[in-house]
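Just so you know, our numbering puts the end of the sequence shown at 1543, numbered straight through with nothing missing.
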Amino acid sequence: MDNFRMAYAIQCHKNPEQLNNLVDKISDKDVDIFIHVDKKSSIINFIEKKDNIYFTDKRFKVKWGHSSQFFATVELLKKIHKTGSYDYIHFISGQDYPIKCRDEIKSFFKENYGKQFIQYRPLPNDWPYNGMSRVLVHYPHFLFANEFTRKIMYKYEKLVMKITAFQRNIESLPQLYGGSCWFSITGDCMKYILEFLHKNPDYIKFFQNTHCGDEIFFQTILVNSKYRQHLFNDNMRYIDWSNGGASPKVLLEEDFQKLQNSHKLYARKLDYNMDSNLFEKLNEIV
């Protein structure tokens, strides 16, 4: 396939030096980069401006677990669709990093063209409350404001999950699927998602008051679509969940050998301020 074009969709909120380094590593002649900067952050002033970098027309104040996370992703989709035509779109955060070189990444997606690299599994699953609290509980937006209100949110969630009468009716939803919100999909698949959302505004409305709905929103659309047979249940991201909890381990220099030996294409998550040595080692191989 000649002129194989790819787009990177990046959500970020901190570490502009790390972000600029990431952009340098993934940039190529047939690659455009689209960035959503958290509206609460001022790092946009420190991001290098280049011809292949585009910023979203709209910025959201992104809060962990809040619907603002998938709204930012949808905004990136819209910007990409408006800008050009791409064979693949890769959703990453500003704290992700390639662990394979540009040519190897490009060759992988050319050889596997048509596959959608997204993790998914049906709900209920082994998440807390089988993952169902994320949609059965109606979460008011103020509960995502800060650490204090989040503590209230978890008590509220526990109460609602005990009393069926307080729970939301989800009969109008298709079979639910969940997984990582970082994935790689084809341009045609991206267009399908945008068309689906345009035709189904109630779907968006329902997810506005979910908790960590960004890990269900896209999977549910795609697994219930014509793309199901083309889904590859691996997002090709190296993520270490060994610490437990809601966030993955921040990768350090000690993890370099694992990254080098991995068949994955990207790693998450990294922090330049915690360990810059890992970046130096990765830069030697990518």
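Think of the CB as a built atom: it goes at the ideal place given N, C-alpha and C, for glycine as much as any other residue.
query: In chain order, what residues of the same chain have a beta carbon less than 6 Å from the beta carbon of Lys1538, not counting five sequence neighbours either side?
result: Counted from its first residue, the sequence shown places residue 1538 at position 281. Short of 6 Å from the beta carbon of Lys1538, and not among the five residues preceding or following it, lie these beta carbons of its own chain, in chain order: Phe1513.
task: Would you check if there are 3 or more beta carbon pairs closer than 8 Å linking the region 1287-1300 to the region 1269-1276?
output: yes
message: Can you tell me where the alpha helix (DSSP H) holding Arg1359 begins and where it ends?
response: Residue mapping note: residue 1359 aligns to position 102 of the sequence shown, counting from 1. That run of the alpha helix (DSSP H) goes Arg1359 to Glu1368.
- prompt: Whole-angstrom Cβ separation of Leu1509 and Ala1524, contact assumed at under 8 Å?
  reply: Counting from one through the sequence shown, the residue named residue 1509 turns up at place 252. Counting from one through the sequence shown, the residue named residue 1524 turns up at place 267. Between Ala1524 and Leu1509 the Cβ distance is about 11 Å, and since that is not below 8 Å, they are no contact.
- prompt: Does the beta-carbon of His1455 have 16 or more other beta-carbons within 10 angstroms, so that it is buried, or is it exposed?
  reply: The residue you call residue 1455 lines up with position 198 of the sequence shown. By the neighbour-count rule (16 or more Cβ atoms within 10 Å), His1455 is not buried but exposed.
task: Decide if the region 1485-1493 is in contact with the region 1305-1319; the criterion is three or more beta carbon pairs, one per stretch, under 8 Å apart.
output: no
message: Tell me the residue span of the beta strand (DSSP E) that contains His1347.
response: The residue you call residue 1347 lines up with position 90 of the sequence shown. Here the beta strand (DSSP E) through His1347 covers Tyr1345 to Ser1350.
- request: Using three-state DSSP, classify Cys1446 as helix, strand or coil.
  value: Here residue 1446 refers to the residue found at position 189 of the sequence shown. Helix at Cys1446.
- prompt: Nearest-angstrom Cα distance between Leu1400 and His1323?
  reply: By one-based count along the sequence shown, residue 1400 stands at place 143. By one-based count along the sequence shown, residue 1323 stands at place 66. Approximately 9 Å, taken between the alpha carbons.
- prompt: Among residues of its own chain, excluding the 5 on either side of Phe1261, which ones have a beta-carbon nearer than 7 Å to its beta-carbon?
  reply: Numbered from its first residue, the sequence shown carries residue 1261 at position 4. Answer for Phe1261: Asp1287, Asp1344, Lys1363 and Lys1367, listed in chain order.
query: Just curious, the beta strand (DSSP E) that Ala1264 is in, first and last residue?
result: Locating residue 1264 in the sequence shown gives position 7, counting from the first residue. First-last of the beta strand (DSSP E) with Ala1264: Met1263 to Cys1269.
- prompt: Applying the criterion that 16 or more other CB atoms from any shown protein chain within 10 Å of the CB defines a buried residue, is Gln1432 buried or exposed?
  reply: If you number the sequence shown from 1, residue 1432 lands on position 175. Exposed is the call here.
- request: Give the secondary structure of Ile1496 by DSSP, where H, G and I count as helix, E and B as strand, and everything else as coil.
  value: Taking the sequence shown and counting its residues from 1, one reaches residue 1496 at position 239. Ile1496: strand per DSSP, three-state reduction.
query: Beta-carbon separation of Ile1409 and Gly1435 under 8 Å?
result: Your numbering for residue 1409 matches position 152 in the sequence shown. Your numbering for residue 1435 matches position 178 in the sequence shown. Their beta carbons are not under 8 Å apart, which means Ile1409 does not touch Gly1435 by this criterion.
query: Applying the criterion that 16 or more other CB atoms from any shown protein chain within 10 Å of the CB defines a buried residue, is His1463 buried or exposed?
result: On the sequence shown, position 206 is the one that residue 1463 refers to. For clarity, residue 1463 is Phe in the given sequence; the question names His instead. Buried.
query: DSSP three-state call for Ser1441: helix, strand or coil?
result: By one-based count along the sequence shown, residue 1441 stands at place 184. Of the three classes helix, strand and coil, the one that applies to Ser1441 here is strand, per DSSP.
query: Since Ser1519 contacts Ile1356 with CB under 8 Å, what's their CB separation in whole angstroms?
result: Against the sequence shown, residue 1519 aligns to sequence position 262. Against the sequence shown, residue 1356 aligns to sequence position 99. Rounded, the Cβ-Cβ distance is 6 Å, consistent with contact.
query: How long is the line joining the alpha carbons of Asp1281 and Asp1497, rounded to whole angstroms?
result: Here the question's residue 1281 lines up with position 24 in the sequence shown. Here the question's residue 1497 lines up with position 240 in the sequence shown. In a straight line, the C-alpha of Asp1281 is about 25 Å away from that of Asp1497.
- prompt: Are the beta-carbon atoms belonging to Phe1327 and Asp1471 less than 8 Å from one another?
  reply: Sequence index remark: in the sequence shown, residue 1327 carries index 70 (1-based). Sequence index remark: in the sequence shown, residue 1471 carries index 214 (1-based). In this structure, Asp1471 lies closer than 8 Å to Phe1327 by Cβ.
- request: Could you tell me the boundaries of the beta strand (DSSP E) in which Phe1312 lies?
  value: Counting from 1 along the sequence shown, the entry for residue 1312 is found at position 55. For Phe1312, the enclosing beta strand (DSSP E) stretches over residues Ile1310 to Phe1312.
message: Tell me the rounded alpha-carbon separation between Val1417 and Tyr1411.
response: The residue given as residue 1417 occupies position 160 in the sequence shown. The residue given as residue 1411 occupies position 154 in the sequence shown. So the alpha carbons of these two residues sit roughly 10 Å apart.
query: Do the CB positions of Arg1391 and Cys1446 come within less than 8 Å of each other?
result: The residue labelled residue 1391 in the question sits at position 134 within the sequence shown. The residue labelled residue 1446 in the question sits at position 189 within the sequence shown. No, Cβ-Cβ distance for Arg1391 and Cys1446 is not below 8 Å.
message: Just verifying my parser: in three-state terms, what is the DSSP assignment at Pro1381?
response: On the sequence shown, position 124 is the one that residue 1381 refers to. Coil, per DSSP.
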